[in-house]
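Residue numbers (the numbering used here): 1277 to 1442.
Report on the structure given below.
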Amino acid sequence: LENLGQALARIDRAAFHADAEILAAVPDRALVPLSTAHTLSLGLRCLRRGVRVRTLLGSRAPIPGTGADHLRRLRSHGAEVRVAEGLSELVLVYDRRIALVPVDAHDIDRGVLCIEESGLVSSLVALFERLWAAATELADLPPSKPDTDSPTGTQRTVLLLMCTAT
């Protein structure tokens, strides 16, 4: 998916069709996908339909205020959120059938790969499960200090939608 519009449309479709589980690994907590009403709404719709939503956050940066509020709201509706050390790749998996990953982990603007090959998706799920097992519940961590670094508008939009499609 070479442009933002295609990526966002695919994320919306994958979230809409998910009926069992959405997994999201977000390497930098500053990129938590919860700063827009659309992404919060998307996540809540999935949870209301009974879709299990699990999100792994990297431990390198604090969660911005709006993101923290949205995370609390999603958690209050059943989303599970943990913090993982060593998380380096952004990955979204829908019903263990479709995975979305950036073409370049350092530049989301380069595009997103949509993976439907079962062997590759299974490997990404196995990696997610290993990280999940070693991660810490978000509520168990002390609050962190605000950080001044933040993603670009395009990065924030893509990452927010990718993760709350969780």
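Backbone N, C-alpha and C fix where the C-beta goes; we use that ideal spot for every residue, glycine too.
DSSP assignment within the region 1367-1397 yields the following whole beta strand (DSSP E) runs of 3 residues or more, N-terminal first: 1367-1370, 1374-1378 and 1388-1391. The shortest CA-to-CA distance from GLU1356 to any of ALA1283, GLY1387, ILE1391 and LEU1323 is the one to LEU1323. As DSSP reads the structure, LEU1332 sits in a beta bridge with ALA1301 and ARG1358. Between VAL1401 and VAL1369, the C-beta gap is smaller than 9 Å, which places the two residues in contact.
ASP1385 and ILE1391 have their C-alpha atoms roughly 18 Å apart.
Contact check for ARG1330 and LEU1350: beta-carbon distance about 11 Å, past the 8 Å limit, so the pair fails to qualify.
The residue among ALA1291, GLY1354, ALA1411 and ARG1372 with its C-alpha nearest the C-alpha of SER1394 is ARG1372. Using a 10 angstroms sphere on the CB of ARG1358, the tally of other CB atoms reaches 16 or more, which defines it as buried. By the neighbour-count definition (other C-beta atoms within 10 Å, threshold 16), GLY1319 is a buried residue.
Non-local C-beta neighbours of ALA1375 in its own chain, meaning closer than 6 Å and more than five positions away in sequence, comprise VAL1369, ILE1391, VAL1397 and LEU1400, ordered along the chain.
Assigned with DSSP and collapsed to three states, GLU1405 falls in helix. Among the bridge pairs identified by DSSP, GLU1413 is matched with ARG1358. Across the structure, HIS1293 and ALA1283 are spaced so that their CA atoms are roughly 15 Å apart. By the 16-neighbour rule on beta-carbons within 10 angstroms, VAL1367 is buried. About 6 Å separates the beta carbon of LEU1407 from that of LEU1332, a gap short enough to meet the 8 Å contact definition.
Between the beta-carbon of ALA1381 and that of GLU1365 there is about 6 Å, and that keeps the pair under the 8 Å contact cut.
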